[in-house]
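Each remark here refers to the structure printed beneath this line.
Number of protein chains: 2
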Amino acid sequence: DFDGLLKKVKEILESNESRRIPKTPKGTRDFAKEQMTIRKKAFSIITKVFERHCATALDTPAFELKETLTGKYGEDSKLIYDLADQGGELCSLRYDLTVPFSRYVAMNGLTSFKRYHIDKVWRRDNPSKGRYREFYQCDFDIAGQYEKMGPDFEVVRILSEVLNALNIGDYEIKLNHRKLLDGVLEICGVPPAKFRTICSSIDKLDKQSFEQVEEKGLSVETADKIGTFVKIRGPPLELLSKIMGGTEGSELLKHNASKEALGDLSILFDALYKSRCIDKVVFDLSLARGLDYYTGVIFEAAFKGGVQVGSIGAGGRYDNLIGNFGTKQVPAVGMSLGIERVLTIMEEKAQNQAVRATETQVLVAVLGDKLAVAAELVSELWDVDIKAEYKVHKKVMKHIEYAIDSKIPWMVIVGERELNEGIVKLKNIETTTEEAIPRSNLVGELQQRLKLNP
Amino acid sequence: DFDGLLKKVKEILESNESRRIPKTPKGTRDFAKEQMTIRKKAFSIITKVFERHCATALDTPAFELKETLTGKYGEDSKLIYDLADQGGELCSLRYDLTVPFSRYVAMNGLTSFKRYHIDKVWRRDNPSKGRYREFYQCDFDIAGQYEKMGPDFEVVRILSEVLNALNIGDYEIKLNHRKLLDGVLEICGVPPAKFRTICSSIDKLDKQSFEQVEEKGLSVETADKIGTFVKIRGPPLELLSKIMGGTEGSELLKHNASKEALGDLSILFDALYKSRCIDKVVFDLSLARGLDYYTGVIFEAAFKGGVQVGSIGAGGRYDNLIGNFGTKQVPAVGMSLGIERVLTIMEEKAQNQAVRATETQVLVAVLGDKLAVAAELVSELWDVDIKAEYKVHKKVMKHIEYAIDSKIPWMVIVGERELNEGIVKLKNIETTTEEAIPRSNLVGELQQRLKLNP
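If you read the protein sequences in the order shown, they are chains A and B.
To convert, note that position 246 of the first sequence is 246 in our numbering; the numbers rise steadily by one, no gaps.
In our numbering, each residue's number is its place in the second sequence (first place is 1) plus 1000.
Rendered as structure tokens:
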């Protein structure tokens, strides 16, 4: 009958419901095995550079009070993840690491702080290839009053050191100054109220067409004039002295903002030159950066290798953000590595190499069924920090297959006969050589071999 | 007038509103400086042990689909943080690392997986001293079919290795078997439907009073009988053989569940004995563990040092959790270190020691105002991986004070005179000795001194 059939269909559907394969939320990923190996390696390289620059690590909560994030991200605020209102405070997942850093400095009344932070952030963006809702950021920031342009120099140098250390290929760091942009816009006759809007258009500017800027309600003449300025790019020291000696320079030096900016850049480029990392830097007047809070030097690193990934790092000076949290003004400058893009490049490179997920050095293979025999042998290896696994199984081929599959270089084989004779067999998987050694010498003999052939 | 006054008060209040000091959400913390140094040290020690056991790292999203967490935590489900419904899937912050691990194994159809995971979890618990809403967990789990009791042995051994390596002081690992408990309850005449409820009462049992169990509707006689069993505790091998030879044993061997458990424990204790870590283990029939999903061996580590912190690690076998995700049954066993409690102990110990937040080896002190001079010198040190800071300031005492305050052992001092003479001054802060060395030998001379006195 129909009702019986309906009931059956319902049952099948319901059982399928509970039998369906679980998944992760949209735009999020698990990281495991080889991918995790690459991530850990990258994080360790980055951490080493950050610590060489004597920063301390900071770890902040995954979520902040909603009010902490309010008014910091302009239009992008709609991408913030809120926690459900389950009673108590309203909270949101952090959107970046800069705002939590600023909140921390303000909250603790610090006047100077140099910190790095490598952790996840969350954005309710539309997931697409290479764009996720949960991803890592690697930030380095310096807050406080220091020698003029000192911290600005150091963060650019750090970005360059990190990209060199990661060994991903060639890149360039485009660099500009917000106040120089302001000067340009002033010279071109843009009303100050429109500075920020035009800025973000310049940032997206495809140098061939200038329609976007014209759409913002500027005259074609003004847009053309801006266009002439922002086409200027070149090696920092040379370009700066060319500008200072040319007609652009004399115009720019008349305006306070751009005069200050050119002075800043002169100090910065000198330091970068002496630090021998200026060859990676391009002075580019078209660089504007989207974020509202920048107030001085801004920069962005672009990968020049084969893979098209866009920006692989960026940063700048933001002197008002910490003060926004309602205590005192503390100037700050920082940089954020585009780590997910860097990892894409590293993963692509790794496809041609054999990356191991674990680094097991020795497999203790016990023939038979005695767990205690394996426990005793493998524990001696763990005691001296040898990375070891064990396996208890009757068939020796099962053991050998496992060692080969897992790329484990050494095997310790013990069966009934070896136990009785007080020996163990040491097998080198690559050379397939096997030797019998006294049970009591196992640790020493293994340590010696691992030293020679780690 | 009153209205004017009111307006003024309103203005002050509103300006205070925006001026108030920001804070972190209730029950969450920032970690920085010395506290972070201790955390990083602990995580690195733990990771080293986990990797010695050849596990791979797994990183899962901070939030899971709400349905993934549903029905896993019993009463405690009310503590799960939900994300706001902003359209799309309903998600919740992870509550532990075990469910994401199980979800991962099921989702990828794995039949074996050995992983560790060190990361934050979130619980909407009432914050109190030592209890937070965001905290770290350090988990090690083995899923898959292996030699009998092999993974059980390894996770207990790992917990012991980790606690030894962290060097926090004496501890004991209480160990029991869920099926042995089931046997005890069966023998004592508890109806199977009540097993889980009674179990959690035993777990909270203060051995002096047995009221809680009686409240669950058991007869005084039954409760007394349970009481006799669960008072049994002692050294594993001795106690096991005593039980097997005594009246309790003959009763327990009659029941399938407890017979199986005693067999398991015999294999496990033999392996732990051969592995030379059984002296930390106590066979304790009162241990029950709160979580519903355990199906075999269960254990819990208690700190025996001065600080009262409760459990510092726990775990057990859970053979049905992965199968719950609707694919195939994969048995699993794991352990979770009570890392926040361990850190409390480590922080307490560190109060008597000088913990440095950074490890700056050298301060490059430039007298005057030339950033480029500092940039050149300090970059040479960074290039050879020396941890260096720089400072540009006219007054030498400012530099020295900073080095002393920051516990930086070496200073490179450069003023106008040194620049002209092509030398630098090398100052050892501890011995207060100062020597002039040629500018061109700086890196070599420093490396030599840091090697002797790092």
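For glycine and all other residues, C-beta sits at the position ideal for the given N, C-alpha and C.
- Residue 388/A counts as buried, since at least 16 other C-beta atoms from the protein chains shown sit within 10 angstroms of its C-beta.
- Assigned with DSSP and collapsed to three states, residue 1199/B falls in helix.
- The beta carbons of residue 1026/B and residue 1127/B sit about 6 Å from each other, so the pair counts as a contact at 8 Å.
- With fewer than 16 other CB atoms across the displayed protein chains lying within 10 angstroms of its CB, residue 1397/B is exposed.
- In the three-state reduction of the DSSP assignment, residue 166/A falls in the helix class.
- Contact of residue 86/A with chain B by beta-carbon distance below 8 Å involves 1081, 1082 and 1124.
- Among the residues facing chain B, residue 104/A is included, as its CB has a counterpart in that chain under 9 Å away.
- In this structure, residue 334/A and residue 98/A form a Cβ contact; the two beta carbons are roughly 6 Å apart against a cut-off of 8 Å.
- Residue pairing by DSSP places residue 173/A opposite 281/A and 301/A in a beta bridge.
- In this structure, 1202/B is the residue among 1236/B, 1245/B, 1202/B and 1244/B with its C-alpha nearest to the C-alpha of residue 1225/B.
- By the neighbour-count criterion, in which a residue is buried when 16 or more other Cβ atoms sit within 10 angstroms of its Cβ, residue 22/A is buried.
- For residue 1063/B, there is no enclosing alpha helix (DSSP H); the enclosing beta strand (DSSP E) covers residues 1063-1065.
- Any Cβ of chain A closer than 9 Å to the Cβ of residue 1439/B would place that residue at the interface, and such an atom is absent.
- The shortest CA-to-CA distance from residue 176/A to any of 441/A, 110/A, 71/A and 263/A is the one to 263/A.
- What residue 1068/B touches in chain A, judged by beta-carbon distance under 7 Å, is 22, going in chain order.
- Annotation for residue 183/A: the continuous alpha helix (DSSP H) segment containing it runs 178-187.
- Residue 275/A is classed as buried because its beta carbon has at least 16 other beta carbons within 10 Å across all chains shown.
- Residue 1122/B is bridged by DSSP to 1134/B.
- Assigned with DSSP and collapsed to three states, residue 1335/B falls in strand.
- Within the DSSP bridge table, the entry for residue 142/A names 114/A and 333/A as partners.
- By the Cβ test, the region 1367-1379 of chain B is not in contact with the region 1342-1353 of chain B, since fewer than three Cβ pairs between them sit closer than 8 Å.
- The beta-carbon of residue 432/A is placed no less than 9 Å from the nearest beta-carbon of chain B.
- Within the region 1354-1403 of chain B, the complete alpha helix (DSSP H) segments at least 4 residues long are 1371-1383, listed from N- to C-terminus.
- Proximity of chain B to residue 58/A at the Cβ level (cut-off 8 Å) is accounted for by 1030, 1031, 1032 and 1036, in chain order.
- The contact set of residue 1076/B on chain A, defined by CB atoms closer than 9 Å, is empty, because the minimum CB distance reaches about 14 Å.
- A distance below 8 Å between beta-carbons, with the five flanking residues on each side excluded, links residue 399/A to the following residues of its chain, in chain order: 363, 365, 367, 391, 393, 411 and 413.
- At a cut-off of 9 Å between beta-carbon atoms, residue 270/A makes contact with chain B.
- DSSP, reduced to helix, strand and coil, places residue 1052/B within a helical segment of the structure shown.
- Nearest to residue 179/A by C-alpha distance, out of 256/A, 436/A, 35/A and 440/A, is 256/A.
- At least 9 Å separates the beta-carbon of residue 32/A from that of residue 343/A.
- A check of alpha carbon separations from residue 158/A across 138/A, 147/A and 83/A identifies 138/A as the nearest.
- Counting only Cβ-Cβ distances below 9 Å, residue 1387/B has contacts in chain A at 51, 52, 53 and 54, in chain order.
- Take the alpha-carbon of residue 1451/B and the one of residue 421/A: they are about 48 Å apart.
- Pairing residue 1055/B with residue 146/A, the inter-Cα distance amounts to about 45 Å.
- Residues 429 of the same chain have their beta carbon placed closer than 7 Å to that of residue 404/A, with the five preceding and five following residues left out of the count.
- Annotated three-state conformation of residue 424/A is strand, per DSSP.
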